[in-house]
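The numbering of the sequence shown is this note's numbering, which starts it at 2 and goes up by one.
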Amino acid sequence: MEEWDIPQMRREVESLQYQLAINREKSSITVTELVKWIEGCVCEDPFLNPELMRANPWVEKGKCVIL
Numbered sequence: 002m003e004e005w006d007i008p009q010m011r012r013e014v015e016s017l018q019y020q021l022a023i024n025r026e027k028s029s030i031t032v033t034e035l036v037k038w039i040e041g042c043v044c045e046d047p048f049l050n051p052e053l054m055r056a057n058p059w060v061e062k063g064k065c066v067i068l
C-alpha cells in the first residue's frame with residue numbers, strides 16, 4: 002500500500018463511518034419482499050402482460066432485421 006497523507010486518511014475514515022451508519026437489512030427478508038412486489042405488479046407490467054403491449058403505440062409492429 003502506498004503512503005497516504007492526512008487528508009486521504011480522513012476521507013477514508015469519513016467514508017467508512019458513513020457506510021457503518023447505513024441501516025442494513027437481511028437479504029432473506031428483502032428478497033422475499035421484492036419477489037412479492039414483482040408478483041403483485043405482473044398484471045400492470047407491459048413486458049409481462051401482452052394485452053398491455055397491444056395498447057402501446059410505440060411498439061414496433063415488424064420483426065427485428067439484422068443488417
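From the three backbone atoms N, C-alpha and C, an ideal C-beta is built for every residue, glycine too.
Near F48, what residues of its chain come up, given a Cβ to Cβ distance below 8 angstroms and the 5 sequence neighbours on each side ignored?
Position 47 of the sequence shown, counted from the first residue, corresponds to residue 48. For F48, where only same-chain residues beyond five positions count, the Cβ hits under 8 angstroms are M54.
Among the residues of its own chain, which have a CB less than 6 angstroms from the CB of R11, if the five just before and after it don't count?
Stepping through the sequence shown from its first residue, residue 11 is reached at position 10. Cβ neighbours of R11 beyond the five flanking positions: none.
Are the CB atoms of V60 and N50 nearer to each other than 8 angstroms?
Position 59 of the sequence shown, counted from the first residue, corresponds to residue 60. Position 49 of the sequence shown, counted from the first residue, corresponds to residue 50. Contact flag unset, no.
Using the Cα positions of S16 and K27, report the straight-line distance between them to the nearest angstrom.
The residue given as residue 16 occupies position 15 in the sequence shown. The residue given as residue 27 occupies position 26 in the sequence shown. Cα to Cα, the separation comes out at about 22 angstroms.
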